[in-house]
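In what follows, a single structure is set out as structure tokens and then discussed.
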Amino acid sequence: MVEELVTAGAALASAGAVYLMAAARVVKQYERGVVFRLGRLRPQERGPGFTLIVPFVDRLHKVNLQIVTLPVPAQEGITRDNVTVRVDAVVYFKVVDAADALVEVEDYRFAVSQMAQTSLRSIIGKSDLDDLLSNREKLNQGLELMIDSPAVGWGVHVDRVEIKDVSLPETMKRSMARQAEADRERRARIINADAELQASKKLAEAAQQMEDTPSALQLRLLQTVVAVAAEKNSTLVLPFPVELLRFLERAQQPVPTPAPETPRAARPARPTAEAVEAMEAVQAVTEAVRGAVPETVREQLRAVPPRVEPDSEESNSSHD
10 MVEELVTAGA ALASAGAVYL MAAARVVKQY ERGVVFRLGR LRPQERGPGF TLIVPFVDRL
70 HKVNLQIVTL PVPAQEGITR DNVTVRVDAV VYFKVVDAAD ALVEVEDYRF AVSQMAQTSL
130 RSIIGKSDLD DLLSNREKLN QGLELMIDSP AVGWGVHVDR VEIKDVSLPE TMKRSMARQA
190 EADRERRARI INADAELQAS KKLAEAAQQM EDTPSALQLR LLQTVVAVAA EKNSTLVLPF
250 PVELLRFLER AQQPVPTPAP ETPRAARPAR PTAEAVEAME AVQAVTEAVR GAVPETVREQ
310 LRAVPPRVEP DSEESNSSHD
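This is the structure we're talking about:
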């Protein structure tokens, strides 16, 4: 009798162990369990941890709730401005309703992939090339809405969509490079033109200033002669008219002694300090030019007859 009880207990324990092994399931933290009993969906999902089902009656399906990274193959299309491009993207989505992901669609991954491809081709045809290259954020939002709308019924939520790359034909790349080069050249020309305009304004102001004070031009010319003569050059080019040399020659000639003062004659004014400095500068320039210009050149310049002004000739003829 005792042996029969022991045998029955062992059999029950073995059956219980087999039943427990067949009924026990473990659901991970990032998963949800969906139970089908005799093919019918049970309303309650099984959360993470240890759970039991009825062996040979229930069937437990585990659904991953982690975010899935789904690359979208490159899609070729024609933009709104008739440019052929190839665009690829990536979709980030996750399952928010495990029951709908199993019941409403056969394979939610494949369904999301196909929807992403068709939406990408559609967004290419509605966009310009400039939008694909520089305004991707707006296109990403449009793609997300187009994919997420039907995916909600599948228990899937699209987190975000990103356009990865836009491939252009080689001819279009060369055209864009030429356009960019032409734009850079245009900007460079505009900058150069502005610089020339500002320089011309400054030159016009300087010319007006020299026109108002003729002595400034002569002093500028004398300064240039002094600077050139100070350098040790075998050849010296003098960029000034012959009248300047004659002026320098006359400056070195002795000044005739004035007639003695009469009681009625007014006493001449004493030269100012500026006049004295100007005469000293003229003498210094004269000495520099004399040392730089060969004697033969000076003799040739003296032989050149002086230029007669038309007004002086008319006055001479009127005196005759």
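Sequential numbering of the sequence shown, starting at 10, is according to the numbering used here.
Positions of the beta carbon are idealized from the N, C-alpha and C atoms, including for glycine.
For G86, tell me which candidate among V96, P80, E13 and T222 has the shortest Cα-Cα distance. V96
Close beta carbons around A20, own chain, < 8 Å, minus the five adjacent residues each side: none
Residues near V35 in its chain [Cβ-Cβ closer than 8 Å; skip 5 each side]: G58, F59 and T60
Who are the near neighbours of L142 in its chain, counting only those whose CB is closer than 8 Å to its CB and skipping five residues on each side? V175
Assign V81 to one of three DSSP states: helix, strand, or coil. strand
Ignore the nearest five residues each way along the sequence and tell me which others in L79's own chain have a CB closer than 8 Å to its CB. V99, V100, Y101, F102, R118, V121, S122 and A125
If you count every other CB in all the chains shown that lies within 10 Å of the CB of R55, and 16 or more means buried, which is it? buried
Residue range of the unbroken beta strand (DSSP E) whose run includes Y117: No beta strand (DSSP E) holds Y117; the alpha helix (DSSP H) holding it covers Y117 to G134.
Taking contact to mean at least 3 C-beta pairs separated by less than 8 Å, is the stretch 35 to 46 in contact with the stretch 60 to 69? yes
Would you say G162 faces chain C, with C-beta separation under 8 Å as the test? Here chain C cannot be found, since the structure has a single protein chain.
Comparing alpha-carbon positions, which option in V77, Q150 and R51 lies nearest V66? R51
Bridge-paired residues (DSSP) for V105: V105 is not bridged to any residue.
Those runs of the alpha helix (DSSP H) which lie wholly inside the stretch 146 to 233 and span at least 4 residues: 179 to 221
Only counting the same chain, and skipping five residues up and downstream in sequence, which positions put a Cβ closer than 7 Å to that of L129? V81, Q84, V96, A98 and L152
Which residues share a DSSP beta bridge with N73? BP columns for N73 point to E40.
DSSP state of D67 mapped onto helix, strand, coil: strand
On a CA-only basis, which of T93, A24, V104 and E40 is nearest D168? Give me that one, please. V104
Can you tell which of N73, G48, V72 and N91 has the C-alpha that lies nearest to the C-alpha of L177? N91
For A32, which option in G164, A24 and Q38 has the closest C-alpha, if you only look at C-alpha atoms? A24
Please report how far the alpha carbon of Y39 lies from the alpha carbon of G48, in whole angstroms. 25 Å
Short Cβ contact (8 Å threshold) for L138 with T88: yes
Whole angstroms is fine: what's the gap from A5's alpha carbon to A17's? Given a span of 10 to 329 for the chain in the structure shown, any question on residue 5 remains unanswerable.
Endpoints, alpha helix (DSSP H) assigned at L141: Residue range L138 to S143 is occupied by the alpha helix (DSSP H) that includes L141.
Same chain, Cβ closer than 7 Å to D329, five either side skipped, listed in chain order: Only weak support is given to the placement of D329: the predicted model assigns it a pLDDT of 46, under 50, and the question is left unresolved by the model.
C-alpha distance - K71 paired with V165, whole-angstrom precision: 15 Å
Quick one: is I199 buried, meaning 16 or more other Cβ sit within 10 Å of its Cβ, or exposed? exposed
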